[in-house]
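Student: What follows is a structure written as structure tokens; I'll ask about it next.
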Amino acid sequence: MQFDLKESEIIKEVTSRNCKRVVLQFPEGLISQGVGLQQRLEQQLPNVEFILYTDYVYGACCVDDRFTAYIHSDFLVHFGHSPLIPPHCLKVASMYIPVVADIPLEPLINNINKQLDKKLDLAIVATIQYEPYLQQLKQLLTQFNVILPKIDPLPEGITLGCTVPPLEQREMSVVFIGGGLFHAEAVAYNYPDNKVYSYDPRNQTLVPVSVNKEKFKQIMKTKIDTARKEKYIGVITSTLGRQGNQKVTDNIINLLEKNNKIPVVTYADEISTALLDSYKEVKVWVQVACPRLSIDWGEDFRQVLITPYEAFAAFDDNVKATLDFIPMDNWSIPAEGKWCASYN
18 MQFDLKESEI
28 IKEVTSRNCK
38 RVVLQFPEGL
48 ISQGVGLQQR
58 LEQQLPNVEF
68 ILYTDYVYGA
78 CCVDDRFTAY
88 IHSDFLVHFG
98 HSPLIPPHCL
108 KVASMYIPVV
118 ADIPLEPLIN
128 NINKQLDKKL
138 DLAIVATIQY
148 EPYLQQLKQL
158 LTQFNVILPK
168 IDPLPEGITL
178 GCTVPPLEQR
188 EMSVVFIGGG
198 LFHAEAVAYN
208 YPDNKVYSYD
218 PRNQTLVPVS
228 VNKEKFKQIM
238 KTKIDTARKE
248 KYIGVITSTL
258 GRQGNQKVTD
268 NIINLLEKNN
278 KIPVVTYADE
288 ISTALLDSYK
298 EVKVWVQVAC
308 PRLSIDWGED
318 FRQVLITPYE
328 AFAAFDDNVK
338 ATLDFIPMDN
348 WSIPAEGKWC
358 ASYN
């Protein structure tokens, strides 16, 4: 696929700000584009130092303004995602380049027309790379009533792996546009009673996506029950970009103390079972990072790894665990609860 990295816009912004040092932050899927871009920018702006950031970038939440400020850089360019963190919360001026993927629409339209029930409304969601095509699809899919759901701060029809726009509680088809299963499964988690399909533009196939609803209900219930029985509860907060939120951490610590639990608090840029093994007395951990870590990889940990939402479901009588589905509201604005990364 060809990607537009908006070189002219970067040059204009860097020049207008009179920057001397600029960080270029790419997710793994785009890092191969980084070296060439870095060289081209330095050729055109020889008095500016462009630094290629190579740490893990899992999503828009990993925008690393704090590292950028630490190395005394003037400006951060974050590729591959839409703006997520409000500008006034960042320590340095930043620019987001969503990077649009060039795809033909005809194969997708043909797949939808052939496979989906035209009597049902059709909701379409996508990752930010495909945003420019959503309005076109809405106009071209004339046999369907197309809905582009929205959740702030994301653009219309855009989803993250942890934040999915809500739909009305009625039967409809849902098509996710994007590669891989990570985002597609988030959509399926959020719409467990709808028929969810994933369209991968690389192989031009439309396939159903399903999650084991009963399995996840039981796993969540077991984790909550286990947490209630433990005396020591670990709280580990991610320092990777903006994944962690200290206010959420404080909320959880206060919640645990009110329930006569002893919180064991630590911080890390990467959360692993080997790291948690160091705390022998702690069998349950609340991870203030990415909720999908607990949902998708929780069973790989020797410890019980719960999300902030599950912590509130366990210890706050005002929060009832909605076991019928896994809430995908992590970055919603306004925040759905004190467990959301967007809280305050």
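The sequence shown begins at 18 in the numbering used here and counts up by one. Don't be surprised by glycine CBs; every beta carbon is placed ideally from N, CA and C.
Keeping to the same chain, check which residues put their C-beta closer than 7 Å to that of residue 288; ignore five residues upstream and five downstream.
Tutor: Excluding residues within five positions, the ones whose Cβ falls inside 7 Å are 253, 255, 304, 306, 310.
Student: Excluding the five sequence neighbours on either side, which residues of its own chain have a C-beta within less than 6 Å of the C-beta of residue 155, listed in chain order?
Tutor: Contacts found: 163.
Student: Would you give the residue range spanned by the beta strand (DSSP E) that residue 318 belongs to?
Tutor: Counting along the chain, residue 318 falls outside any beta strand (DSSP E), and DSSP gives it neither H nor E.
Student: Between 83, 273, 73, 320, which has its C-alpha nearest residue 291's C-alpha?
Tutor: Ranking 83, 273, 73, 320 by Cα distance to residue 291 puts 320 first.
Student: With DSSP collapsed to three states, give me the class of residue 140.
Tutor: Three-state result, residue 140: strand.
Student: So residue 312 packs on residue 343, CB below 8 Å; how close in whole Å?
Tutor: Correct: roughly 6 Å between the Cβ atoms.
Student: Residue 251 to residue 299, Cα distance in whole Å?
Tutor: Going by the C-alpha atoms only, they are around 6 Å apart.
Student: Quick check on the DSSP output: what are the complete alpha helix (DSSP H) runs of length 4 or more inside the stretch 142–219, in order along the chain?
Tutor: The qualifying runs are 151–157, 199–207.
Student: Buried or exposed for residue 88, please, with buried defined as at least 16 other CB atoms from any protein chain shown within 10 angstroms of its CB.
Tutor: Flag for residue 88 reads exposed.
Student: For residue 84, report the span of its alpha helix (DSSP H) as first-last.
Tutor: Taken as a continuous stretch (DSSP letters only), the alpha helix (DSSP H) holding residue 84 covers 82–87.
Student: Can you check which of these residues, 109, 280, 78, is closest to residue 262 by C-alpha distance?
Tutor: Among 109, 280, 78, the Cα nearest to that of residue 262 is on 78.
Student: Would you call the CB atoms of residue 383 and residue 149 closer than 8 Å?
Tutor: Residue 383 is absent from the structure shown; the chain starts at 18 and stops at 361.
Student: Between which two residues does the beta strand (DSSP E) holding residue 24 run?
Tutor: No beta strand (DSSP E) holds residue 24; the alpha helix (DSSP H) holding it covers 24–33.
Student: What residue does the alpha helix (DSSP H) around residue 124 start on, and which one ends it?
Tutor: 123–132 is the extent of the alpha helix (DSSP H) around residue 124.
Student: For the pair the stretch 51–60 and the stretch 97–117, tell me if three or more CB-CB distances fall below 8 Å.
Tutor: No: fewer than three Cβ pairs fall under 8 Å.
Student: So the alpha helix (DSSP H) residue 274 belongs to, where does it begin and stop?
Tutor: Per DSSP, residue 274 belongs to the alpha helix (DSSP H) from 263–275.
Student: So for residue 55, helix, strand or coil by DSSP?
Tutor: The answer is helix: DSSP assigns residue 55 an H, G or I state.
Student: Would you mind working out which of 234, 24, 129, 171 sits nearest residue 190, comparing C-alpha positions?
Tutor: It is 129.
Student: If the criterion is Cβ atoms closer than 8 Å, does the pair residue 353 and residue 240 meet it?
Tutor: Not a contact, by the Cβ cut-off of 8 Å.
Student: What is the residue span of the alpha helix (DSSP H) that residue 325 lies within?
Tutor: Looking at the DSSP string, the run of the alpha helix (DSSP H) that includes residue 325 is 325–332.
Student: Tell me residue 285's beta-bridge partners as DSSP assigns them.
Tutor: Paired residues: 255.
Student: Could you tell me the distance, in whole angstroms, from the CA atom of residue 324 to the CA atom of residue 179?
Tutor: Rounded to whole angstroms, residue 324 to residue 179 spans 12 Å at the Cα level.
Student: How would you call residue 258, buried or exposed, if buried means at least 16 neighbouring beta carbons within 10 angstroms?
Tutor: Residue 258 comes out buried.
Student: Please report the distance separating the alpha-carbon of residue 267 from that of residue 282.
Tutor: Going from the Cα of residue 267 to the Cα of residue 282 covers about 10 Å.
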